[in-house]
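To convert, count from 1 in the sequence shown and add 39; that's the numbering used here. Cβ coordinates follow ideal geometry from the N, Cα and C atoms, glycine included. Have a look at the structure below, then the notes.
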Amino acid sequence: MTIEVEDGTGKASAVSYASEAEATAYFAARGVDAWADVGDATAQEASLVRATAALDSWLRGRWLGVKKTQAQALAWPRTDVVDEEGFEVLDTIVPVQVKQATYEIALVEVQGTSFIQQSVNSSNMVSSETVGPISVAYRNDAPSITTYPHIEALIRGLAAVGGAQVNFSVSLTQAEIDAQSGSTDVFDYDEYFNLIKGY
């Protein structure tokens with residue numbers, strides 16, 4: 040089995056962000072034997088295809104920027120992307136972080152665990168409840184959801200994952216409102232917002 044790997048040109052037939060050889064080199068450099076232990080390049084390639092589909096599905100609508108072309112099969116390459124360090128991400132590549140996330144998800148997949156978890160309704164999972172002092176007991180068959188923070192960390196600068204969104208409002212005094220019209224220079228907006236952004 041030979042899979043079509045995205046190379047940054049926006050292929051319409053690409054099914055993976057990475058090749059089996061790239062993933063093998065990645066895990067070998069890190070001393071992760073579980074990938075090599077599979078011993079079957081076809082199974083490894085299939086897990087890379089599933090990993091790519093899982094990654095794109097998980098982050099659909101949350102990737103930064105826009106797809107390079109409408110015809111491309113995968114979410115990457117993308118245009119108008121600036122990473123967390125402020126660097127523009129070229130639209131002629133698949134970023135190394137996306138490749139690494141693909142490898143890591145493929146490892147999860149090749150070991151027989153689905154990366155994409157089904158949604159779980161836990162409304163009936165409490166077996167007992169006490170109001171004061173507060174205590175909760177869950178049924179033994181209550182589902183648990185596996186998270187992969189190392190994978191989220193890899194793509195954090197390229198997609199909106201984890202963390203909390205913070206909203207704030209700024210209230211201006213009359214003097215500051217007057218300053219906007221140019222009558223006085225009470226409030227330095229550039230300095231204020233650069234301070235807020237940490238520049």
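Residue closest to K106, alpha-carbon to alpha-carbon, out of A192, G49, A75, E148: Locating residue 106 in the sequence shown gives position 67, where the first residue counts as 1. Distances from the alpha-carbon of K106 to those of A192, G49, A75, E148 put G49 closest.
Rounded C-alpha distance that separates E84 from E148: Position 45 of the sequence shown, counted from the start, is the residue given in the question as residue 84. Position 109 of the sequence shown, counted from the start, is the residue given in the question as residue 148. If I take the Cα positions, the gap works out to 11 Å.
DSSP-derived helix/strand/coil call for W102: Taking the first residue of the sequence shown as 1, we reach residue 102 at position 63. The answer is strand: DSSP assigns W102 an E or B state.
Distance between beta carbons of L87 and S55, contact taken as under 8 Å: Against the sequence shown, residue 55 aligns to sequence position 16. Against the sequence shown, residue 87 aligns to sequence position 48. The beta-carbon separation of S55 and L87, rounded to 5 Å, stays under the 8 Å limit for a contact.
Anticipated Cβ contact below 8 Å, F66 with Y142, distance rounded: On the sequence shown, residue 66 is found 27 positions in, with the first residue counted as 1. On the sequence shown, residue 142 is found 103 positions in, with the first residue counted as 1. Right, the Cβ-Cβ distance comes to about 7 Å (below 8 Å), so this counts as a contact.
Beta-carbon contacts of S58 that lie in its chain and below 6 Å, excluding the five residues immediately before and after: Stepping through the sequence shown from its first residue, residue 58 is reached at position 19. Result list for S58: V44, in chain order.
Terminal residues of the alpha helix (DSSP H) in which Q139 lies: Locating residue 139 in the sequence shown gives position 100, counting from the first residue. Looking at the DSSP string, the run of the alpha helix (DSSP H) that includes Q139 is 135-149.
8 Å Cβ shell around A110 - same chain, five flanking residues per side excluded: Position 71 of the sequence shown, counted from the start, is the residue given in the question as residue 110. Cβ within range, chain order: G49, A51.
Under 8 Å between C-beta atoms of I144 and L197: Here residue 144 corresponds to residue number 105 of the sequence shown, with the count starting at 1. Here residue 197 corresponds to residue number 158 of the sequence shown, with the count starting at 1. With a cutoff of 8 Å on beta-carbon distance, I144 and L197 are scored as not near each other.
Buried or exposed (CB count within 10 angstroms, at least 16 for buried), D130: Sequence index remark: in the sequence shown, residue 130 carries index 91 (1-based). Under the 10 Å beta carbon count, D130 is surrounded by 16 or more other beta carbons and is classified as buried.
Cut-off 6 Å between Cβ atoms - residues of its own chain near I132, not counting five sequence neighbours on either side: The count along the sequence shown starts at 1 and reaches residue 132 at position 93. Excluding sequence neighbours, I132 sits near G47.
Exposed unless 16 or more other CB atoms sit within 10 angstroms - verdict on V324: Here the chain has residues from 40 to 238 only, and residue 324 is not among them.
Proximity to H189 [Cα-Cα], best of Q150, L146, G151, A214: Along the sequence shown, read from residue 1 onward, the residue named residue 189 stands at position 150. Ranked by Cα distance from H189, the first of Q150, L146, G151, A214 is L146.
Buried/exposed call for T91, threshold 16 Cβ in 10 Å: Taking the first residue of the sequence shown as 1, we reach residue 91 at position 52. Counting Cβ neighbours within 10 Å, T91 comes out buried, since at least 16 surround it.
Beta-carbon proximity of I194 to V120, cut-off 8 Å: In the sequence shown, residue 194 corresponds to position 155, counting from 1. In the sequence shown, residue 120 corresponds to position 81, counting from 1. In this structure, I194 keeps its C-beta atom at 8 Å or more from the C-beta atom of V120.
Classification of R101 by the beta-carbon crowding that lies within 10 angstroms, buried from 16 upward: For this step, residue 101 is matched to residue 62 along the sequence shown. Exposed is the call here.
Enclosing alpha helix (DSSP H) for Y65 [first to last residue]: Stepping through the sequence shown from its first residue, residue 65 is reached at position 26. In the DSSP assignment, Y65 falls within the unbroken alpha helix (DSSP H) covering 59-68.
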